[in-house]
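Report on the structure given below.
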Ligand SMILES: [Zn+2]
């Protein structure tokens, strides 16, 4: 099985797949799903959907097709059990590892004629740029309420217990430029506004929220008082909707008050890109998954994450009872990104065992 996992992983990873350019990788997974006997369609957003009839309640299996920029030119290197990048790009295993696990589990289920529940496969687009594929995923033709998202989060097999909300806040400060050698009272320095804004950076709300100021742009010349500053910030939080709204408000007010003091203005563009969610350890699919892990002598683990995934869209926003199982990818999005073949094999085998267990009930 390891050879098959390796070959599928290399096939997928060497296909260019930047967000919004998932055409080639969609064609590949469509072909694979059709060869495995699934009924395959594409929804309006471009997500690839596969259906395989079975017994009992339907299960959704999801992984995303797109990759962070550059999203292309990946040349994975096999180093024993470890797959790494050639150092010029990230590995691309986010989320080709997830796609590989689903395809190889289907392959085993089909070749060994394992009785399984009806399966709805959803390979989504545009996850990395705002979960747009999962948000628009058209499930109208399928009765499905439960499922698993395969994506990188923690050690292979670890379930994500909670996912944080994600709010993007762009701000623009405006002041008045003057020559710094002339009458300073005639100008309004935006850096002064920025310095006076009393907002927390990093952790706040007793560790429930994280605020990051990712980019700052200001100024035109050394010898001019800067009159404009733009910043891209983000707020990640486990807080509920109304408590989060208060934190976002507090953050924005700190700039508004500073602008008022110094004499400038501030405008905000706020976009909530992901809704927080939490997973109930007692829900049936999760209990079955736990049973599978423990039966093979593994340690069942759940951990919370500030990193958004399709589970935020499918569960947080759309109310489907999905949870994320970690694919075992490390240092994702960097040139140091790695994944172990044995980890992908482990998670694939767990999925096969889970489907077998559900099919026998
Ligand atoms: Zn991912």
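Residue numbers (the working numbering): 145 to 505.
Positions of the beta carbon are idealized from the N, C-alpha and C atoms, including for glycine.
Since the structure is predicted, the reported quantities are computational estimates derived from the model, not experimental observations.
#### Entry: Inter-residue Cα distance where the pair is residue 222 and residue 495
Rounded to the nearest angstrom, the two C-alpha atoms are 24 Å apart.
### Task
Tell me, to the nearest whole angstrom, how far the beta carbon of residue 472 is from that of residue 300; I am working on the premise that it is less than 8 Å.
Yes, they are in contact, since the Cβ atoms of residue 472 and residue 300 sit about 3 Å apart, within 8 Å.
### Closer than 8 Å: residue 242 CB and nearest ligand 1 heavy atom
True, at least one ligand heavy atom lies under 8 Å from that Cβ.
### Task
For the region 488-503 and the region 247-256, state whether three or more C-beta atom pairs, one from each stretch, are separated by less than 8 Å.
The region 488-503 vs the region 247-256: in contact.
### Query
Given residue 302, which residues of its chain have a CB within under 6 Å of its CB, disregarding the five upstream and five downstream residues?
When the five nearest sequence neighbours on each side are left out, the beta carbons in the same chain lying within less than 6 Å of the beta carbon of residue 302 are those of 445, 447, 470, in order along the chain.
### Query
Pairing CB atoms from the region 262-279 with CB atoms from the region 191-206, are three or more of them under 8 Å?
Here the region 262-279 makes contact with the region 191-206; the two share three or more CB pairs at distances below 8 Å.
### Task
Report, in whole angstroms, the separation of the C-beta atoms of residue 352 and residue 382, which I expect to be a contact under 8 Å.
Right, the Cβ-Cβ distance comes to about 5 Å (below 8 Å), so this counts as a contact.
### Task
Would you please state the rounded distance, in angstroms, between the beta carbons of residue 220 and residue 162? I believe it to be under 8 Å.
Your pair residue 220 and residue 162 does not check out as a contact, with CB atoms roughly 17 Å apart and the cut at 8 Å.
### Message
The beta strand (DSSP E) that contains residue 248, what's its start and end?
### Response
Segment 237-255 is the alpha helix (DSSP H) holding residue 248; no beta strand (DSSP E) there.
### Query
How many Å lie between residue 479 and residue 237 at the Cα?
If you take the alpha carbons of residue 479 and residue 237, they lie about 11 Å apart.
### Query
Is residue 464 closer than 9 Å to residue 288 when the C-beta atoms are compared?
Yes, they are a contact pair.
### Query
Helix, strand or coil: how does DSSP classify residue 487 here?
In the structure shown, residue 487 adopts helical secondary structure according to DSSP, grouped into three states.
#### Entry: Beta-carbon contacts of residue 358 that lie in its chain and below 6 Å, excluding the five residues immediately before and after
Here the set comprises 376.
### Message
Tell me the residue span of the beta strand (DSSP E) that contains residue 470.
### Response
465-470 is the extent of the beta strand (DSSP E) around residue 470.
### Query
What's the call for residue 147, buried or exposed, on a 16-neighbour Cβ count within 10 Å?
Exposed, since its Cβ has fewer than 16 Cβ neighbours within 10 Å.
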